[in-house]
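>
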Amino acid sequence: MVRGAGGAKRSAVSWLRVVLLTCCLLWHGVTVGLVEGDGFPGLYTDVAGNLFINASLREGARVFLDGVDVAAQLAQQQLQAAQQKNLLETQAVLLATQARMLAQLQHRIPAFDAQLVAVGGRNSVSLDDVYRFDGTNWHPGPKLPVRRHAHGAAVFRKQLHIVGGFTDMDVDPSSSVYRLGGIVWTEGQPMPTARGYLAAVVFQDQLFALGGTRGSTPLSLVEIYDGTAWRVGTPMLVPRAGFSAVVFENKLFAIGGAQERSRLANVDAFDGLQWRAMPPLTTPRGAMTAAVYSNRLFVVGGYSDATLASVEVFNGSAWSTSHPLPRACHSMAGAVFQNRFYVVGGKDTTIFDDSLSLFGPVWRTMASLPVACELLTITVF
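For the sequence shown, the positions run -37 to -1, 1 to 344 when mature numbering (1 follows the signal peptide of the UniProt record, and there is no 0) is used.
1) Tell me whether M251 sits in a helix, a strand or coil according to DSSP, three-state version.
2) Under a three-way DSSP split, which group does M64 fall into?
3) In terms of DSSP beta bridges, what is S285 paired with?
4) Using a Cβ-Cβ cut-off of 6 Å (strictly less than) and excluding sequence neighbours within five positions of F322, which residues of its own chain qualify?
5) Does the distance from the CB of W148 to the CB of L90 come in under 8 Å?
6) Between the Cα of S139 and the Cα atoms of P242, L123, G145, A157, which residue gives the shortest distance?
7) Where does L37 fall in DSSP's three states?
8) Classify E275: buried if its beta carbon has 16 or more other beta carbons within 10 angstroms, exposed otherwise.
9) At what residue ranges does the segment 277 to 337 contain a whole run of the beta strand (DSSP E), taking only runs of 3 or more?
10) State the DSSP-derived secondary structure class of A113, mapped to helix, strand or coil.
11) Count the other C-beta atoms from every protein chain shown that fall within 10 angstroms of the C-beta of K310, then say buried if there are 16 or more, exposed otherwise.
12) Taking DSSP as the reference, what is the three-state secondary structure of T53?
13) Hey, quick one: how far does the beta strand (DSSP E) through V343 stretch, first residue to last?
14) According to DSSP, S225 sits in a beta bridge with which residue or residues?
15) For N86 versus A250, is the C-beta spacing smaller than 8 Å?
16) Could you name the residues of the same chain whose beta carbon sits closer than 7 Å to that of G190, not counting the 5 residues immediately before and after it, in chain order?
17) Between the C-alpha atoms of R95 and A117, what's the straight-line distance to the nearest angstrom?
18) Taking 8 Å as the limit between beta carbons, can you name the residues of its chain near T342, skipping five residues before and five after?
19) Straight-line CA distance for W326 to S320?
20) Using the Cα positions of R290 and F300, report the straight-line distance between them to the nearest angstrom.
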C-alpha cells in the first residue's frame, strides 16, 4: 500500500516529535518509556521551565519513571499516609480514654492529708482494725493482713511500719513487718528476732526496733533497719518490755518499762554511738505512753503497783509533774497531732477504754475510738 504525501508528512512530524522529546528527557536525566499512539506528548516543559510527564490519552495508560510506576507508587504512599492517620487517631482516642480513667481513679482514691492512724490492739481478742482520725471523727482504714497487738509502729520513708507483736493473747510473738504506703498493706522484711511489747521509732533515718519480750524474758536487744537489711545495734543499758521510746533533743530515749514483775524508772538516751543514763522517772512505770509536746517529753499513765493517771514531764534536765489523765489507764497509745497531744484506748484494771483524750493545756475527752481496746498503736501518717 502506497502512502499519500500528506500521510508521509504527518509520520515524519511524529517521529521528529519523538526524537525531540527523547532528547529533552535525556537532557533532564530521565529514562523514557514510549507510549504508542497519538495525543499530547508524554513529556514537555512549559515556559517557566517546569517539566511535565503525562500518560497518553489512552484509558489505563501509565507513567513510568526509571521503570517505576509513578501512579502505583503514589497510590501506595497515599495508602500508607491514610493508615498512619488512622493510627494517630486511634492513639489519640486511647490517650483520651487513659486520661479519663486516671481522673476517675484519682477521684475514687482519696488523697489523705496526715491523720492519726490507730492500728490493731486487743480486747477479748487481738484485732486487725485500722482507723483514721482527721481531728474531728474516726474513719475506717485498710485492715491489717493479720490481727496484731503489743506491736511497734513508726513512719519510715513515707510508709507506716507495723513491727512484731502478738496475734493470739501473748503466745508466739511475731517477727513480721507490715507496711502501709496508702491504701494497701504489703509485707516487709521481717525482723531477725520475733518479739512483742517492743518499741519502734525512726532515728537518724533508720528504723529501730528496741527491747520487747519473748515469753517472760525482757530484752535489751536493738535491731536496726536501713531500708535494705536489718542489723544488730548497740543494746540498751537494761532489758525492758512494755516501755516507750521517742526522739527528744536529737537523742533516742528509752523510758521505763517492765522486767518480769518489777517496773522501771530507768531512762536512757542513745546519741547514735552509745547509751547514757538520764535522770530517772519520779514513779517507776510500764505500759505507759510518751510523746514530745511543746518541746518537752511527756510520759503519761501506765502501771506501777497500780494503774496510774499521773503525768511526768522532762525538760531536758529534770522531771516535773503535769495535769493527770481524767482517769487512770495503762496500755494506751499516744501521739502529737495538729499541735495537740492525744491519748487513745488503754485499760483501767478490767475495763477497756475507747476514749480519745486531748491535752492542751488540760485534758478533755474527744470522739471515742470505734472499738474499745488496749495495746494498740497510734501514729501520725
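Glycine included, every Cβ here is placed at the ideal spot set by N, Cα and C.
Put simply:
1) The three-state secondary structure of M251, taken from DSSP, is coil.
2) helix
3) V274
4) F304
5) no
6) Considering only alpha carbons, the answer is A157.
7) It is helical.
8) Buried is the call here.
9) 282 to 285, 296 to 300, 303 to 307, 319 to 322, 326 to 329
10) A113 falls in the coil class under three-state DSSP.
11) buried
12) helix
13) According to the DSSP assignment, V343 belongs to the beta strand (DSSP E) that extends over 340 to 343.
14) Q222
15) At a Cβ-Cβ threshold of 8 Å, N86 and A250 do not count as neighbours.
16) R120
17) 15 Å
18) L79, V80, V82, A116, A117, V118, L123, A298
19) 6 Å
20) 21 Å
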